[in-house]
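Below you'll find the structure, written out as C-alpha coordinates, and then a few comments.
In the numbering used here, the protein residues as written are 16 to 115.
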(Lines of atoms letter the chains of each structure in order from A and count residues from 1; the text may use other names and numbers.)
(Lines give C-alpha, C1' and ligand atoms only; values in the text may rest on other atoms or scores of the structure.)
Protein backbone atom coordinates (compact mmCIF):
# COMPACT_ATOMS: atom_id res chain seq x y z
CA UNK A 1 0.00 0.00 0.00
CA UNK A 2 1.49 3.33 -1.04
CA UNK A 3 0.97 6.60 0.83
CA UNK A 4 -0.73 9.59 -0.81
CA UNK A 5 1.52 12.57 -1.47
CA UNK A 6 0.06 15.44 0.61
CA UNK A 7 1.59 18.03 -1.73
CA UNK A 8 0.60 16.62 -5.14
CA UNK A 9 -3.02 15.54 -4.99
CA UNK A 10 -3.55 12.16 -6.67
CA UNK A 11 0.09 11.06 -6.76
CA UNK A 12 1.69 8.52 -4.44
CA UNK A 13 4.94 8.63 -2.50
CA UNK A 14 7.64 5.98 -2.87
CA UNK A 15 7.00 5.17 0.77
CA UNK A 16 4.87 2.04 1.20
CA UNK A 17 3.46 -0.19 3.91
CA UNK A 18 4.26 -3.88 3.64
CA UNK A 19 2.57 -6.38 5.91
CA UNK A 20 4.48 -9.64 6.26
CA UNK A 21 2.64 -12.63 7.66
CA UNK A 22 5.17 -14.82 9.44
CA UNK A 23 4.32 -17.73 11.78
CA UNK A 24 0.89 -16.34 12.64
CA UNK A 25 2.12 -12.80 13.14
CA UNK A 26 1.62 -9.64 11.05
CA UNK A 27 4.79 -7.56 10.86
CA UNK A 28 4.25 -4.04 9.54
CA UNK A 29 7.17 -2.54 7.64
CA UNK A 30 7.34 0.89 6.09
CA UNK A 31 9.73 1.03 3.13
CA UNK A 32 10.96 3.86 0.98
CA UNK A 33 13.08 3.55 -2.15
CA UNK A 34 15.25 5.45 -4.57
CA UNK A 35 15.65 4.63 -8.25
CA UNK A 36 18.97 4.15 -10.07
CA UNK A 37 21.25 4.73 -7.12
CA UNK A 38 24.94 3.87 -7.01
CA UNK A 39 26.34 1.97 -4.00
CA UNK A 40 29.93 0.71 -3.94
CA UNK A 41 30.35 1.38 -7.69
CA UNK A 42 27.21 -0.60 -8.61
CA UNK A 43 24.10 1.13 -9.92
CA UNK A 44 20.96 -0.54 -8.57
CA UNK A 45 17.55 -0.16 -10.20
CA UNK A 46 15.86 0.18 -6.81
CA UNK A 47 17.43 0.84 -3.40
CA UNK A 48 15.12 0.21 -0.46
CA UNK A 49 15.46 1.64 2.99
CA UNK A 50 13.43 0.48 5.97
CA UNK A 51 11.77 3.33 7.83
CA UNK A 52 9.92 1.32 10.45
CA UNK A 53 9.30 -2.21 11.71
CA UNK A 54 6.24 -2.63 13.93
CA UNK A 55 4.26 -5.39 15.63
CA UNK A 56 7.20 -7.77 15.50
CA UNK A 57 7.59 -10.28 18.30
CA UNK A 58 9.12 -13.20 16.38
CA UNK A 59 12.17 -12.07 14.38
CA UNK A 60 15.10 -9.82 15.18
CA UNK A 61 15.96 -6.88 12.94
CA UNK A 62 18.67 -8.76 10.99
CA UNK A 63 16.28 -11.65 10.29
CA UNK A 64 13.62 -9.26 8.99
CA UNK A 65 16.15 -7.52 6.72
CA UNK A 66 17.31 -10.90 5.36
CA UNK A 67 13.69 -11.93 4.74
CA UNK A 68 12.97 -8.63 2.97
CA UNK A 69 16.02 -9.11 0.74
CA UNK A 70 14.68 -12.49 -0.36
CA UNK A 71 11.17 -11.16 -0.94
CA UNK A 72 12.29 -8.06 -2.86
CA UNK A 73 14.71 -10.07 -5.02
CA UNK A 74 11.73 -12.12 -6.21
CA UNK A 75 9.30 -9.19 -6.29
CA UNK A 76 11.73 -7.19 -8.50
CA UNK A 77 10.41 -3.83 -9.68
CA UNK A 78 6.69 -4.07 -8.92
CA UNK A 79 5.89 -7.78 -8.94
CA UNK A 80 5.00 -7.80 -12.61
CA UNK A 81 5.54 -11.03 -14.55
CA UNK A 82 6.75 -9.17 -17.65
CA UNK A 83 9.54 -7.30 -15.89
CA UNK A 84 13.10 -7.32 -17.08
CA UNK A 85 15.04 -10.22 -15.54
CA UNK A 86 18.12 -8.16 -14.76
CA UNK A 87 16.40 -5.73 -12.36
CA UNK A 88 18.79 -5.11 -9.47
CA UNK A 89 17.55 -4.54 -5.94
CA UNK A 90 19.46 -3.40 -2.85
CA UNK A 91 18.11 -3.31 0.72
CA UNK A 92 19.94 -1.09 3.18
CA UNK A 93 20.91 -3.06 6.28
CA UNK A 94 19.63 -0.60 8.87
CA UNK A 95 16.36 0.91 10.01
CA UNK A 96 16.04 4.67 9.56
CA UNK A 97 13.79 5.22 12.57
CA UNK A 98 14.22 8.99 12.62
CA UNK A 99 12.40 9.42 9.30
CA UNK A 100 8.97 8.06 10.27
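Ideal Cβ placement from N, Cα and C applies to all residues, glycine included.
Identify the continuous alpha helix (DSSP H) that holds residue 46 and give its terminal residues. Element bounds for residue 46: not the alpha helix (DSSP H) but the beta strand (DSSP E), 40-54.
So, under 8 Å CB-CB, residue 86 and residue 79 are touching, yes? Tell me the CB distance rounded to an integer number of Å. Actually they do not touch by this definition, with Cβ atoms about 10 Å apart.
With DSSP as the reference, label residue 27 as helix, strand or coil. strand
So who's on the other strand from residue 69, going by DSSP bridges? 43
Closest to residue 43 by C-alpha separation, out of 88, 102, 74, would be which residue? 74
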